[in-house]
Each structure stands twice: as structure tokens, then as C-alpha cells.
Amino acid sequence: MAGSRSGRERLRAERVARPLAGFATAALLVVMFYYPVGTVLGEAITDGGLTLAPVRDVLADDFYTGAFAGAIRSPGSIPAGLAGWAVGSLADVATAVAGLGDTLVSPAAAPGGVVGWPSAILAAVVGVLAAVVGIAPGFGLFGFTAWQALLSTVASLALGLPGAYVLARFEFPGRRTLESLTAVPFVLPSIMVAVGFVAAFGVGGPLNRVLAALGLPTVELLFSLEIIVVAHAFYNAPLVTRIVAAAWESVDARAVETARSLGASPTRAFRDVVVPQLLPAVATGALLTFIFTFMSFPIVLALGGLEYATVEVWLYNRVGQLDVQEAAVLAVLETVVSLGLTYAYLRYEAATSRGDRVRSPRDRERLRGVDAKRLAIAGYGVVVGLVFLLPIASMLAASVVGPEGPTLRYYRFLLQRGAEATSAQVNPALAVRNSLLFGVGTLLVAVPMGVLLALASTREGPIARAVGVLAMAPFAVSGVVVGLGLLQTLVFGTTILGYRVVVGGPLAIVAAHAVGAYPFVVRNVAPLLAGLDRRLVESARALGATRNRALVDIELPLVAPGIAAGAAFAFAISIGEFDSTVLLASGGSGTSLYTMPVAVERFLGKQTLGRPTAMGSVLLAVTAGAFIVIDRVGGRYRE
Amino acid sequence: MTEKRVSRRAYLATAGAGVAMLAGCSSDDGATETETDTESTEGTVTGTATAVPESLSGTLTVATYSSWVEDDGAAGPWLKQTFEERHPDAEIEYVTPEDGVNRYVQRKQQGAPVDADVYVGLNVDQLITADANLNERLFDSPRLSNAGRIKDGLQFDPQRRAIPYDTGYIALVFDESEVSRPETFTDLTEPAWEDALLAENAQTAATGRAFLLWTVEQFGTDGYLDYWRDLQANGVTILDSWDEAYNNAYSSGERPMVVSYSTDQVFANRYDLDMTRHQVAALNGQGYANPEGMARFADSDDPELATAFMDFMLTGDAQGEIAVRNVQFPAIPESEATLTEEFETYAKVPDEPVTFSYDELQGNVDGWVEEWAREIAG
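Listed in order, the protein sequences are those of chains A and B. Each step along the first sequence adds one to the number in my numbering, with nothing skipped, and position 531 is 531. Each position in the second sequence, counted from 1, maps to that position plus 639 in my numbering.
Encoded structure:
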């Protein structure tokens, strides 16, 4: 009797649990995201009344949209303006391609004869690339921004995919730790990356010193589009690696075996069985990378310079001049691009998910041995060392070198501040504590929230797709705008019944971080959920399992790698978040809520980067440790 | 001894008010605080707050930029400590909003309480942006007994709300082992200085903005963009902030020349650096002056205390400390400020300081900067 009653109660509890969680999620999103962001973005289309004039002004501005602007100004001239652009840039490309063709067929005609042929080919290839590169700026600031984002996406895929392969298919000592650490670059403040890159790739840096020692020509990488793209890959390739590795780990081993037993070659089995199961994850990684780099800001100006400004640079500057309307228009356009891409991606995902996945992972290969495959992996290891380890080592080195040589005084400074920080000074120990608390808080909120939204978005139909698109909104809105919105609404507060209601403090920070982080969980989990074999769930339900039991016992374990990857990046978002944290930490109940990246920023000062880099190194170490712990704890539920 | 006695008396006189004030703050209600304020200042003679120090009490919230409190030997903590020693019942509390004075402009725009008494670190363009975006008063014009000491030509606010407390001059810092000393602006566009110069983004960095304005002053509004085209053709690199340009790129030897301050050698000497990399060039013998000011918020809860603090910042002692610690020139004549020998030896004043006035900049500066940025990024 008692048993059946508690069973009924549990049933009832389960029935209310999901709507309740759904309501809480929606409320959180409205308060911490849609209301603040809506207040700012609304200014793009209001000027007394509703108007489209501000949006039109931006679109019709040559500086912003280039060849597109003429078309907006006088719609009749669309063909003429765009055709002029197309003919011009195609002619450039054609000339360059013809040049390359000539060089290829006639070695002797190259300047310097046959000896100079390879370099002539190289020059011609560069010429073609330059002509192609010349196309995008034809569309103004938006064109250039999209172009550099596209290049960065390609670079991140090229650098990230081999990593996913290695992590998913090979077993080697330290693999789990390496996987845990993939999210580390994601949390590094841009000033740290700028310091690391300048030190690593600068004229007197280790790369050029090695090249010179080998008798090779040195390279001048700094203050160029190339270095921006590499820095973007530094941030985003690990994301690609993690997302794709999670999908790769859950490729059904039996399908591969079946294909092989039916006579398919390993290549054929890979192409026909593995690739289709990886593509949604690859597309997810590409989408996220594009969106993040499309809205990239501080690193662009730190490593490239103002010549390579993105839309976000202008947006930030508009906010600085308190021209909120134009900032809002730029933000709306950025968001339209990002959400448009998300929508296209979700259409694609819906069309390709096969819905027959069960989880029975394949065994990993051992990495030891020497063959072509393993040599290629070793080569990849060198590239990883160059792009990731060298800059990170350089930023660590910057924290132990003063103007007069090696020193530990920047760390002594941190200790000293930890003991005696006065009014408005940052206490590093407190920053570490705050970061970790907010990070864990974010995990506790963002992971259930993300799983819930992933479940809602993987149903069939347009509503589910709308949920899927809207779930990505926090990634698709400029961080500067989110910060401004929070400031104007929650931090400044409103007067209700004579009391000024101000939102701030630790809970608000955790909520803001969770809102910024949960899309990672959604995007890591949804593709795996969509690929699940529905029949498993249906049979479980038919056998009497409640919906929640089926979820906990069947669906979640099958998508566990996605949850783990999402959780790692959710934590990383919380640790690395700056815009909202710095605002919410200064409003409301206290000024002692700053986090590690805020401390790095505050320690920027006169004459040395020693203090900020020392704080940044603490950030790096603490975060790396936390990632390993989280993965170990999470791993218990994973196997 | 005397000070101790004064402090106890003042404490007894104002203890009640202090408690009431705290309660007012925590309830987040402006009305209570104003009441308390009137009560606590009733006993003083208006306008001569500095003359009756024992009556000064309460907490003064000073908004500023973060290096004012965080830097190695920053001026902020010294000022706080010394002021509090002189006025034992007063307390200075610094706040460092990320977006600087814009935070308060926006608060005013949105009808939120300002919650601060004094702003330290205001320059003329920020004041212009604030004025352009507000109808009501953000700052008022305090009557400082020390205002008369400020050097001629430093005052940048026609309404005397922002009071200069120090000034810097923009200059080029260069490595004499790599490039020769540039004498004129056109030198920078010559092959000898190709790929040599690092500048900062005039949209966001004070040094970058001052250098841009200097070129406008030099070449006029119809010539400065041509000059920048030549600079770009000669390989100028424009990074976002002074930190990125100076501390990161210049310090690691990426370029041999950077837009910075004429006081550069003070640091070089302090940290025992190689002076070959810390040569200071004043183009045409000039330097663009960039005075920094302080202002009292019109909504201050404690205008008397605010005035006393601002007056204190203009005393000879404080001016010397600010100059040496902030590595900028004092706002009062150098002879009246307590400067160190190091500072007097290594801080260079250009023969001819140049600058635009508030009236010349108002309505123009945003356009100049925008045109320039579009030229660079376009």
C-alpha cells in the first residue's frame, strides 16, 4: 500500500517537475537576458515611434556594407551596383588564376628560371588568394567581419578536427587529462593571448629565433590578418575538437563493423558510416566558431590593429560615445546574421539526423608505433605545440620576467595584495574564490537548463526549431550589448512602490553566467539526442518506465559525452565571462564580487604587464585544475 | 597630540549622524541620506570647510579609473590615507566603474541615483560627451580655495566644473639604436621611419586620441586625413590601448617607436632600464597637453567633504605625490609642488604645449575621430 502511494506521489512530482523547470528556465531567460537585451536592441527601431530609418541608414552606408549600400539607397540599381562589384572582383581573380596557370605550365619563364619556379608558383598562389581575399571587403565592415570569421572558422576546423580524431580514436597516457584541458584556451583574457602571441611570434620571439638558427628566413606575423586568424583558431579549435570528439566517441561500433563485414574498405566505412554521424557535430563547431569570431573584438585590435576592425569594434565605440541607437542597429544586424546561420544549421541538422543511434563505442587504438598515420599525428602534435603551447608558455614566462630579468615579484605582489588590499583594490585570493564559486553555480544551473532546452528543441516541428534558434540567442547577441542592457535595467534598477529595486550580487552573476553558458550544453547535447534511436525510449515507456525514468536511465547516459563537453565549456564561459560580471559585481550588494579575468584587467597599469600576466597565470592554473576535477567527477557518471 | 584630541571631539559630535547615514545607504533611499547630510554639516561655516577640519566626517565616494588605486605606488591609496589622517572622521571610498564617467552619465539619463561624490580622471572629451548627452547637471562648480594655484592654460572646462589636477604631454618614445630622432610630423612618413610607429586607437585610448588631435591641430581639418594616409602607407600600426601598444608591442621590440608620454624616462630610470630605448621626441618641439580633471557630482550627499578633498588634491604635498606617483606633471606650478629629484631630471616638458579648447572640440571631435577611424579601417 505504502509503496504504491509513494509511487503515485513520485509520478505526480514527476508530472510537475518538468513544467516547473521549464517555467524557471523561461523566467531566468526573461529577467537576465530578453528584458535587458530587448531594452537596448529596441532602440534600433524606435525613435519616438517605430521606425526602420536607423537600420536603413546603416545598411545604406558604404563604410558598413560596401557594394550592398548602393543597392539599399536606390533599389533599382541593385543589378548595376552588385554587377560592377562582381565583374571587378571576378576579373581580379581571373587575372590572378591566369597568372598561376602561366607559371605552372612554363617553368623556364619564371623570374630566376627553373630554380625560381617554386617560389614563382608560391607567389602566384598568394596572388590568387589575395584576389579572393579582395572580394569580401567589397562589402564594407560587415563584409570584412564575415570574411575574417570565415577564414577563422576554416582554420579552427583544420586545427581542431585532427585533434578530435586523436582524442576519440586513440588511447594514450594522459588522454583524459588532455581532453579535460581542451577548454583552457577558451577562458584566457584577450590581453593574455595578446601577450603570449606577441612574445611567441614576434620579431625576437622563439619561433623566429628557431627559424634563424636553422638558416631559414624569419617571418613577420604580427599585426596582420593571419595572426588574427591564428589567434581565433587558438580560442576556437579546441571547441571544435571537443564537440567532434564527443560525437566521434558515440559513433556506433557495430555499424562500422557491419559495413566492414559486408566488404567495405576502412576508407569506405569511414566515409559512409562515420562521416555522416560526425557531420552535425562538425557543423556545430563551425557554426559556433563563426558566430564567436564574427563578434570578436579585443583580440582583433590587440594583434592586428585598427585596419582589421570588426563590426563589434564600431559597436563598442558607439556605446563609448553613448550613441546607443547606432550600437543597437549594429548589434541587431550581428544577431540577425548569427541567428540566420543557426536557423540554416538547424534545418540541416533536422534533415540529416538519422535517429537510429545506440551507444556502443568502438575500442581505441594505441598511439605507440611508427607508421604513416602516427607520423602524421606527430606532425599535428608539432603544430599544436606551436599554436597552443608556445603562446601559453610565453605568457607564463612574461609573468616571471621583469624589466631587469627573472623575478618572482609579480607573484609576491599577488600574495601581498591577498593579505592587504585596501579600498577598491582587487584581492587576488577573493577573485579566485569568486570565480570558482560562480563557475560551479553556473554548472548547476546551466547543465539542467541546457538539457531541458535540448530536449524541447529536438522534437519535430517548427516550434521545436524556434526553440532551437532562440536557445542560441545568448551567443548571437553582442557581449557589449548584453552588458549595457544589464546595466540599464538590473544594475541601475527601477523604482517600484517607492523602493529602488536593484539586481546584483552573487546570484545575479551566476544567473547571467548560466544564461551565457547554457547554449553550449544545448548545442552539444541536441545533435546527440536527435541521433538517438527513439525506439529505445518507446520500448522503455511501453515497459512501464515513466518519462523521467526513461530520460535518466536511457537518454541521458547515451548523450553523456555531449553533456560532459557542454558542461566543460559552460564552466569555461563562467570563468572567462567579463562584460556582465564586471557590471553586476559593481552594482547592488558589494564590490567584492570580481572574478579572475576582472582582476587581470584591473592589474593592467603603467610600465609592465608582469602583474596582469601573473594574475592570468593564476587564472590558467586554477582553471586547468578545475577542469580536471570536473571531468573526473563527471566521469563517474559517464561510464 | 592635537590631532588626536580633535579627532575624538569630532567623533563624539558626529557619531550619531554617521550611524544614521549608514542606515540611509543600506536602504538605498536617497531621501534619508540628504536629511542626514544637512544635519551633519549644520555646524560648519559654509564655504570654508578646510578651515574647520574637525567638522568633516562621513564617507566620500570617489569614482576613478582602476590604475588610480591599483598601480605600483598609485596616488589613490596615498591620498586616501593622508586625507583620512588629517580628517580622522572622514573616509574615502574609491569605486572604479569599468566604463568610467559614462557610467554616471547613463545613471543620470536613466534616472538612477548617482551614488558618488567626486569623479577623478576626467578629460575634456569625456566632459564633452557627457554634456552632449545630458540635459540636467551631472557636475556642479565647487569653489575651491586652492583653485587659484592652477597653472595658466590648464583649465579645460569653461564652466569650471572639471578642475585639472595633473597634466601629461603626448610625445614619441623611440629606440635610438634603431631609428634616428624624428623632428617633424613629415619625418614619420619618410622611408627612414618606415614600419616604425605604434599608435593607439583614438576611439578608445587617451594617448591615441591626443595624438590624433595633435595631427588635426597641425594639418587642419582638411589635411589631417591625408597625413594619416601617408602614415598608413609608411606602415603605422594602431593598436587598441596604450597597454597593448607600449607594454606589449613596444616593450617586446616589435616596433622602434610608440606614441606615449613625455615623462617616459621617469619610469625608465625608476626601473633601471636601458635609456637607448627610452628616448623622447617632441615633434616640432611641441607636445599635446592632456590635462586630467576632477569634478564634484551635483548630487553629492556631502558637497563640503567633496570640496575639502578636491582642495586637498591641489595642495603642494598632494600635487607632488600625484605627479610623482601618476608620472604626470602637477597642475600647480612645479616650484610649489613637492617633486622628487628623479622627476625633475627625467620628466620632459615640451617647449610648446598645444591643445584644443573645449569650445573648439565641442561638436567636432566625434566627427574627426569617426572620419579618421573610417579612413584607417575602410
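Backbone N, C-alpha and C fix where the C-beta goes; we use that ideal spot for every residue, glycine too.
So, for residue i: in the same chain, excluding its five sequence neighbours on each side, which residues have a beta-carbon less than 7 Å away from its beta-carbon?
i	result
A709 (chain A)	Since the first and last residues shown for chain A are 1 and 639, residue 709 (chain A) lies out of range.
T335 (chain A)	A476, V477
L20 (chain A)	none
Q1001 (chain B)	I767
So, at 8 Å on beta carbons, what are the nonlocal neighbours of residue i in its own chain, with the 5 sequence-adjacent residues on each side left out?
i	result
R868 (chain B)	E1014
R799 (chain B)	S780, A786
V329 (chain A)	A44, P54, V55, D57, V58
With a CB to CB cut of under 6 Å and the five nearest residues on each side skipped, what residues in its chain are close to residue i?
i	result
T182 (chain A)	P238, T241, R242
A884 (chain B)	L837, E839, L878, V897
D903 (chain B)	V812, H917, V919
G468 (chain A)	L346, S457
F172 (chain A)	L367
V332 (chain A)	L41, A44
V503 (chain A)	L490
Let me check understanding here. Comparing Cα to Cα, which of the options lies closest to residue i?
i	options	result
G715 (chain B)	B:T977, B:A729, B:E960, B:P992	B:E960
Y804 (chain B)	B:P895, B:A786, B:P797, B:V1008	B:A786
L29 (chain A)	A:E404, A:V482, A:V58	A:V482
V319 (chain A)	B:I789, B:P752, B:Q842	B:Q842
N1003 (chain B)	B:A1016, B:L851, B:E975	B:L851
S819 (chain B)	B:N741, B:L953, B:A921, B:A769	B:A921
S190 (chain A)	B:E833, B:A945, B:L699, B:N887	B:N887
Q748 (chain B)	B:L777, B:F722, B:E730, B:T721	B:L777
Y518 (chain A)	A:A446, A:G461, A:L50, A:L390	A:A446
T860 (chain B)	B:V708, B:S939, B:D1005, B:G955	B:D1005
S899 (chain B)	B:A845, B:K790, B:Q857, B:S706	B:A845
G711 (chain B)	A:P612, A:T310, A:L306, A:V633	According to the sequence provided, residue 711 (chain B) is Asp. The question's Gly does not apply to it. Of the candidates A:P612, A:T310, A:L306, A:V633, the one whose C-alpha sits nearest the C-alpha of D711 (chain B) is A:P612.
Quick check: the Cα distance between residue i and residue j, rounded to an integer number of angstroms?
i	j	result
D756 (chain B)	L278 (chain A)	59 Å
L436 (chain A)	S694 (chain B)	45 Å
S250 (chain A)	A281 (chain A)	11 Å
L339 (chain A)	A466 (chain A)	10 Å
A255 (chain A)	A269 (chain A)	9 Å
V963 (chain B)	I971 (chain B)	14 Å
G505 (chain A)	L584 (chain A)	7 Å
V759 (chain B)	A424 (chain A)	14 Å
A934 (chain B)	F968 (chain B)	19 Å
M660 (chain B)	A937 (chain B)	Low per-residue confidence applies at M660 (chain B): pLDDT is 32, beneath 50, and the placement is therefore not dependable enough to give any value.
A626 (chain A)	L619 (chain A)	10 Å
T735 (chain B)	N741 (chain B)	12 Å
E420 (chain A)	G610 (chain A)	19 Å
G924 (chain B)	A44 (chain A)	47 Å
I631 (chain B)	G739 (chain B)	This structure cannot speak to residue 631 (chain B), because chain B is shown only from 640 to 1017.
M952 (chain B)	S974 (chain B)	16 Å
T608 (chain A)	A810 (chain B)	19 Å
Q745 (chain B)	A560 (chain A)	45 Å
P797 (chain B)	A771 (chain B)	15 Å
R412 (chain A)	A429 (chain A)	13 Å
L470 (chain A)	V521 (chain A)	14 Å
Would residue i be called buried (16 or more neighbouring beta carbons within 10 Å of its own) or exposed?
i	result
R523 (chain A)	buried
Y316 (chain A)	buried
I463 (chain A)	exposed
E737 (chain B)	buried
A98 (chain A)	exposed
G663 (chain B)	Interpretation of G663 (chain B) is limited by its pLDDT of 33, a score under 50 that renders its predicted location unreliable; the figure taken from the coordinates is listed afterwards. When all chains shown are included, G663 (chain B) counts as buried.
Q488 (chain A)	buried
G682 (chain B)	At G682 (chain B), the pLDDT of 38 sits below 50, so the modelled position is not reliable; the number obtained from the coordinates is stated separately. With fewer than 16 Cβ atoms within 10 Å of its Cβ, G682 (chain B) is classed as exposed.
V195 (chain A)	buried
P830 (chain B)	exposed
Subject >> Any 3 or more C-beta pairs closer than 8 Å across the segment 58-67 of chain A and the segment 512-526 of chain A >> reply: With contact defined as three or more Cβ pairs closer than 8 Å, the segment 58-67 of chain A and the segment 512-526 of chain A are not in contact.
Subject >> Cβ pair count under 8 Å reaching 3, the segment 808-822 of chain B against the segment 283-299 of chain A >> reply: no
Subject >> the segment 595-602 of chain A in contact with the segment 141-155 of chain A per 3-pair CB rule at 8 Å >> reply: no
**OP:** Check whether the segment 211-231 of chain A touches the segment 408-426 of chain A, counting contact only when three or more Cβ pairs, one atom from each stretch, lie closer than 8 Å.
**Re:** no
Subject >> the segment 158-174 of chain A touching the segment 550-560 of chain A, judged by at least three CB pairs closer than 8 Å >> reply: no
**OP:** Evaluate the contact criterion for the segment 485-501 of chain A versus the segment 736-752 of chain B: three or more CB pairs, one atom per stretch, below 8 Å.
**Re:** yes
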